[in-house]
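All remarks here apply to the structure that follows.
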């Protein structure tokens, strides 16, 4: 294979895998912000908590990585419900500042709690045999774990798209995002929808947290240091838009990877350059409402 | 006569009081206790606490009072603020800790002005010790590992070509510059030099390493802060199958900190580093150090090279307090007392070079192996004794000023 084609394939593949991680972890944040207008800076903390559950399940209880991901995701989804019901709900009509203070405080508490129980040393997870090493796709080798990320991300996108666009609940959510009062007045239980979407978003964040361990390692500060990335994806994609989040994750993932590969000296800068460029042209993001 | 008698009594009382009066030396410890690199701070902090606990009687009747502050992120700003507070509010007489070079660099003018000695337990950018006569360093300079690794990689490991990949902040540039100088002197060729983002968050290393893999140099020299980054490097290196593709992973010992080595798995086996410490080093002081560590912190907690440097740092501070009998108000006297200090520690024989106030220590080439008991460990391939900071010896760049 010619050299430049090889490079292009490397960038696209790695970028796509990275994009899937960004999408899975950010989509919940986007929907929460779009649907409830709530700034949830503790989103990263749910991801981090999911990651630690995966660590405990695999290392202490010997459960396989993939079932551990599923368990962690469901657990965090369920655990997030009381948070939404008893804490977040009180602040839906408050100012952004109050919401930010509450949620960043929760994030710091989560970091301290995780440090207390797990210590600050980054954790890793044991992967099953089939996720280690690389696989041969005929024309070249690819790391198995990243291929797994792409397949899983693709499947989740299909499921979410179907649920959002083709089911009754999806239609109600879209209606509530568009016009909450109208949705309520035609008898949609928006409160219940909030709780449901919040739980699903948190579950996805936990899944993202579990998947991220192999990419970055997992330490308590995960709750805050990658939050900027998630917020960028949400801002570029547009609040509350599934399509937007996906497009933003793809663009940012591929540009970031490509920038780092081709122009390492300025590599870390690319993701911000793209963000600024997109927001200059479309201040509400790709699919946000102006 | 009576008056003289009174005077004599008073003088006697004064001297007796002077010798019996115990001094409490205030030592300010600045280490990262939060953020992505919190575990680095804890590695040193645990060594400090352990030394103070086991050796409190060495300086009796004097005592130390340790005041700890969070160094914050590797940017220097927070460290400068808290250390300045330690000096002005808490009146500490000695400052120590400092994991990150930017912290030490930011603080150098402050300690110069305040005349407070700053005993560095980690920050390794070579020219830091030139910034203030009040700085002494017990850890290492990036050149301690990077420079000898250059010749070693070329002559012994068989790297004819090498790519450099580093975290983009002063010690990263310093470490790769040191390696490059040694490597090119030995006849090697650097194929690429790749900065890999900031030390604040662990990046996805895959794009950087894929680039190296595609270019296929014999070796890849990597510098990263030895916290969360180290685990990330090993994951990406293993996942991409780079060893199979013929790219050897080499670097300073920051790549394989002992407290994370067991988690790194098979990907780490065969990695060759240059450094001053590993828990597997075979000397009496290290065995005692490890035994005391496990007793205090449990069998699954390991010290690493930072802990070893932390131990020697507190050792040097205690010896200095003892030598000055607790009179440490004059910062320049404290630094003078440290010049030429030497001891046997977990890293073997270490001393402080009187001319540069930087450490002199043994450097070892070490390879990661699977030990007979199934754990990962290191094998010492070769040792060079009493290595000084070559950057200052050769007067390279800012080290010459």
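Protein chains in written order, with my numbering: chain A, -8 to 281; chain B, 7 to 407.
Beta carbons are placed, not taken as given, at the ideal position from N, Cα and C, and that holds for glycine.
Being a predicted model, the structure only gives us computed values, none of them experimental.
7 Å Cβ cutoff met for residue i and residue j
i: residue 209 of chain B; j: residue 80 of chain B; result: no
i: residue 138 of chain B; j: residue 397 of chain B; result: no
i: residue 67 of chain A; j: residue 40 of chain A; result: yes
i: residue 112 of chain A; j: residue 45 of chain B; result: yes
i: residue 341 of chain B; j: residue 132 of chain B; result: no
i: residue 48 of chain A; j: residue 114 of chain A; result: no
i: residue 244 of chain A; j: residue 278 of chain A; result: no
i: residue 75 of chain B; j: residue 58 of chain B; result: no
i: residue 389 of chain B; j: residue 135 of chain B; result: no
i: residue 127 of chain B; j: residue 107 of chain B; result: no
i: residue 154 of chain B; j: residue 140 of chain B; result: no
i: residue 258 of chain B; j: residue 151 of chain B; result: yes
i: residue 42 of chain A; j: residue 200 of chain A; result: yes
i: residue 47 of chain B; j: residue 98 of chain B; result: no
i: residue 61 of chain A; j: residue 214 of chain A; result: no
i: residue 319 of chain B; j: residue 144 of chain B; result: yes
Reduced DSSP category for residue i - H, G, I as helix; E, B as strand; rest coil
i: residue 355 of chain B; result: strand
i: residue 248 of chain B; result: coil
i: residue -2 of chain A; result: helix
i: residue 369 of chain B; result: strand
i: residue 153 of chain B; result: helix
i: residue 259 of chain A; result: helix
i: residue 237 of chain B; result: helix
i: residue 165 of chain A; result: helix
i: residue 103 of chain B; result: strand
i: residue 170 of chain A; result: coil
i: residue 400 of chain B; result: coil
i: residue 237 of chain A; result: helix
i: residue 104 of chain A; result: helix
i: residue 109 of chain B; result: helix
i: residue 89 of chain A; result: helix
i: residue 22 of chain B; result: Only weak support exists for where residue 22 of chain B lies, its pLDDT of 48 falling under 50; the coordinates are left without a value.
i: residue 381 of chain B; result: coil
Nearest candidate by alpha-carbon position, reference residue i, set the options
i: residue 70 of chain A; options: A:82, A:34, A:87 and A:83; result: A:34
i: residue 28 of chain B; options: B:331, B:359 and B:387; result: B:331
i: residue 211 of chain B; options: A:266, A:247 and A:185; result: A:247
i: residue 125 of chain B; options: B:181, B:101 and B:373; result: B:101
i: residue 273 of chain B; options: B:216, B:96, B:305 and B:247; result: B:247
i: residue 386 of chain B; options: B:402, B:236, B:241 and B:289; result: B:289
i: residue 169 of chain B; options: B:154, B:255 and B:406; result: B:255
i: residue 46 of chain A; options: A:216, A:269, A:238 and A:204; result: A:204
i: residue 269 of chain A; options: A:233, A:253 and A:223; result: A:223
i: residue 166 of chain B; options: B:243, B:391, B:220 and B:252; result: B:252
i: residue 6 of chain B; options: B:35, B:38, B:392 and B:121; result: A query on residue 6 of chain B cannot be resolved here, the shown segment of chain B reaching from 7 to 407 and no further.
i: residue 271 of chain A; options: A:92, A:227, A:6 and A:260; result: A:227
i: residue 182 of chain A; options: A:262, A:197, A:164 and A:86; result: A:164
i: residue 401 of chain B; options: B:149, B:91, B:117 and B:222; result: B:149
i: residue 271 of chain B; options: B:365, B:240 and B:92; result: B:240
i: residue 39 of chain B; options: A:212, A:237, A:275 and A:253; result: A:212
Beta-carbon contacts of residue i that lie in its chain and below 6 Å, excluding the five residues immediately before and after
i: residue 22 of chain B; result: In this prediction, residue 22 of chain B has a pLDDT of 48, which is less than 50 and means its spatial position is unreliable; nothing more can be read from the coordinates.
i: residue 134 of chain A; result: 125
i: residue 214 of chain B; result: 171, 200 and 202
i: residue 175 of chain B; result: 205
i: residue 242 of chain A; result: none
Nonlocal neighbours in the same chain, by C-beta distance under 8 Å from residue i, ignoring five residues either side
i: residue 23 of chain A; result: 29, 31, 34, 188, 189 and 192
i: residue 179 of chain B; result: 172
i: residue -1 of chain A; result: none
i: residue 257 of chain A; result: 250
i: residue 156 of chain B; result: 184, 185, 186, 187, 188, 189, 190, 191, 192 and 194
i: residue 24 of chain B; result: Confidence at residue 24 of chain B is low in this model, with a pLDDT of 48, below 50, so its placement is unreliable and no value can be given for it.
i: residue 162 of chain B; result: 371, 387 and 388
Cut-off 7 Å between Cβ atoms - residues of its own chain near residue i, not counting five sequence neighbours on either side
i: residue 315 of chain A; result: Because chain A here runs from -8 to 281, residue 315 of chain A falls outside it and cannot be looked at.
i: residue 194 of chain A; result: 64, 65, 67 and 68
i: residue 345 of chain B; result: 358, 360 and 363
i: residue 223 of chain B; result: 167, 168, 169, 197 and 253
Any non-hydrogen atom of the ligand FAD closer than 6 Å to residue i Cβ
i: residue 214 of chain B; result: Ligands are entirely absent from the displayed structure, and the ligand FAD is therefore not among its contents.
Pairs of beta-carbons, one from the region 381 to 399 of chain B and one from the region 318 to 327 of chain B, closer than 8 Å: are there three or more?
no
Three or more C-beta pairs below 8 Å linking the region 71 to 87 of chain B and the region 103 to 117 of chain B
yes
Three-pair Cβ contact test at 8 Å for the region 63 to 81 of chain B versus the region 309 to 319 of chain B:
no
Touching by the beta-carbon criterion (3+ pairs, under 8 Å), the region 225 to 241 of chain B and the region 70 to 82 of chain A
no
Decide yes or no for the touch test of the region 354 to 373 of chain B against the region 281 to 295 of chain B: beta carbon pairs closer than 8 Å, at least 3 of them.
yes
Under 8 Å: do the region 135 to 148 of chain A and the region 6 to 14 of chain A share three or more Cβ pairs, one atom per stretch?
Yes, the region 135 to 148 of chain A touches the region 6 to 14 of chain A.
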